[in-house]
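Undergrad: Residue numbers (this note's numbering): 38 to 245. All C-beta atoms, glycine included, are put in the ideal place defined by N, C-alpha and C. Keep in mind the model is a prediction, meaning the values are calculated, not measured. Here you go, one structure.
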Amino acid sequence: MTLRLFFHSDDLKANVEVLDCTPHENEFAVVLRATLFHPQGGGQPCDTGWIDESQVLRVVQEPDRIVHYVDRPVKLGMTCIHVDGERRSFNTRMHSAGHLIGHFVQAMGWMPIKAHHWPDEGRVQFKPGEAAQEVDTETVQTGIDHWIEHDLPRLTSLREGAREIGFGELPAYGCGGTHVRSLKDLGTVTIASLSQKKGTLSVHYSVD
38 MTLRLFFHSD DLKANVEVLD CTPHENEFAV VLRATLFHPQ GGGQPCDTGW IDESQVLRVV
98 QEPDRIVHYV DRPVKLGMTC IHVDGERRSF NTRMHSAGHL IGHFVQAMGW MPIKAHHWPD
158 EGRVQFKPGE AAQEVDTETV QTGIDHWIEH DLPRLTSLRE GAREIGFGEL PAYGCGGTHV
218 RSLKDLGTVT IASLSQKKGT LSVHYSVD
C-alpha cells in the first residue's frame with residue numbers, strides 16, 4: 038500500500054523511493070513507496086507536478102497502490118517529487134468549501150449524498166430529511182461567510198482507523214482529501230445557485 042503523505046502533511050516537495058516504472062501506452066506508470074500526490078477520487082481532481090524531471094499527468098488510486106502516470110521514464114531509487122502548488126491550492130479550497138456547504142445545509146435538515154469539487158462544476162447534493170427547511174442562496178452564503186470570518190482551524194483525527202476532517206467546532210467528516218489549514222485560506226466562496234430535481238437539492242459554488 039502506497040503511504041499517503043498528504044494525509045498528514047501539506048508539503049509540496051519530498052524525497053521518496055521509486056519502486057516501479059512501467060511503460061503504459063504513451064505514458065509511464067510509476068509507483069512510489071510514499072507520495073504527496075492526491076489521486077483523483079472523493080470528488081477531488083488529482084494533483085499534478087513532477088517526479089524528478091518527469092511531468093506527472095494524472096494520479097490514479099488502485100486497490101492496493103497509487104499510480105502516477107508520467108511523460109517520461111523515471112529511474113528506480115530515491116528521487117524528488119514536487120506537487121504543482123497552484124493546482125493543489127485550488128483543489129484544496131474547493132474541497133474545503135464543499136465541506137462547509139455540507140455542514141450548513143445539513144444543519145437545515147438536508148442529508149448530503151454527493152459532492153463534486155471540480156473547476157467550474159462545484160456542487161454538493163442533498164436529499165431532504167424529515168425536518169428539511171427551505172434553503173436559499175443568500176442564507177447559505179451568509180452562513181459560509183460567517184465561518185470563514187471566524188477562521189476556524191482544520192482538525193484532523195482518526196476514528197476506528199479512518200481519517201476525519203473537521204473545522205473548529207463543526208462536526209468532522211470522514212475524508213481522504215486535502216483541505217485548507219484554516220478557513221481564511223479559502224479566499225472568497227460564492228454560492229452561485231441552488232436547484233432541485235427529483236427531490237435532490239444541488240448547491241452550486243465556486244472559489245476565487
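Between the region 161–178 and the region 136–152, do at least 3 Cβ pairs fall closer than 8 Å?
TA: Touching, yes.
Undergrad: Just the C-alpha distance for Q170 and H140, rounded to the nearest angstrom, thanks.
TA: Roughly 14 Å separates the two Cα atoms.
Undergrad: Tell me, please, whether the region 110–120 touches the region 58–70 by the rule of three or more beta-carbon pairs shorter than 8 Å.
TA: The region 110–120 vs the region 58–70: in contact.
Undergrad: Which residues in the same chain have their Cβ closer than 6 Å to the Cβ of G135, if we skip the five residues on either side of it in sequence?
TA: The residues are A152, H154, V161.
Undergrad: Taking C-beta to C-beta, are L49 and V93 nearer than 8 Å?
TA: Cβ atoms of L49 and V93: not closer than 8 Å.
Undergrad: So which of T129, T225, R102, E158 has the shortest CA-CA distance to R218?
TA: Looking at the Cα atoms, T129 is the closest of the given residues.
Undergrad: To the nearest angstrom, how far is the alpha carbon of R124 from that of V142?
TA: Computed Cα separation, rounded: 27 Å.
Undergrad: For a test of the three-state rule: what should DSSP assign to W155, helix, strand or coil?
TA: It is coil, neither helix nor strand.
Undergrad: Compute the Euclidean distance between the alpha carbons of V83 and H75, then round it to the nearest angstrom.
TA: With the sequence shown as reference, residue 83 is identified as Cys, and Val is not the correct amino acid for it. Those two C-alpha atoms are separated by around 5 Å.
Undergrad: What does DSSP give as the partner residues of F43 in its beta bridges?
TA: Answer is none; F43 lacks a bridge partner.
Undergrad: When DSSP labels each residue in this structure, what does T85 get in the three-state scheme?
TA: In this structure, T85 counts as coil in the three-state DSSP scheme.
Undergrad: Any contact between the region 88–102 and the region 175–190? By contact I mean 3 or more CB pairs, one from each, below 8 Å.
TA: Because the criterion of three Cβ pairs below 8 Å is not met, the region 88–102 and the region 175–190 do not touch.
Undergrad: Count the other CB atoms within 10 Å of the CB of Q233; is the residue buried (16 or more) or exposed (fewer)?
TA: Answer is exposed; the Cβ neighbour count stays below 16.
Undergrad: What are the start and end residues of the beta strand (DSSP E) that includes R196?
TA: Where R196 is concerned, the enclosing beta strand (DSSP E) stretches over 191–196.
Undergrad: So who's on the other strand from T227, going by DSSP bridges?
TA: Looking at the DSSP assignment, T227 forms a beta bridge with S243.
Undergrad: Within 8 Å of any Cβ in chain C, is that where the Cβ of S219 sits?
TA: Any reference to chain C falls outside this structure, which holds one protein chain only.
Undergrad: What did DSSP end up calling L220 once you bin it into helix, strand or coil?
TA: It is helical.
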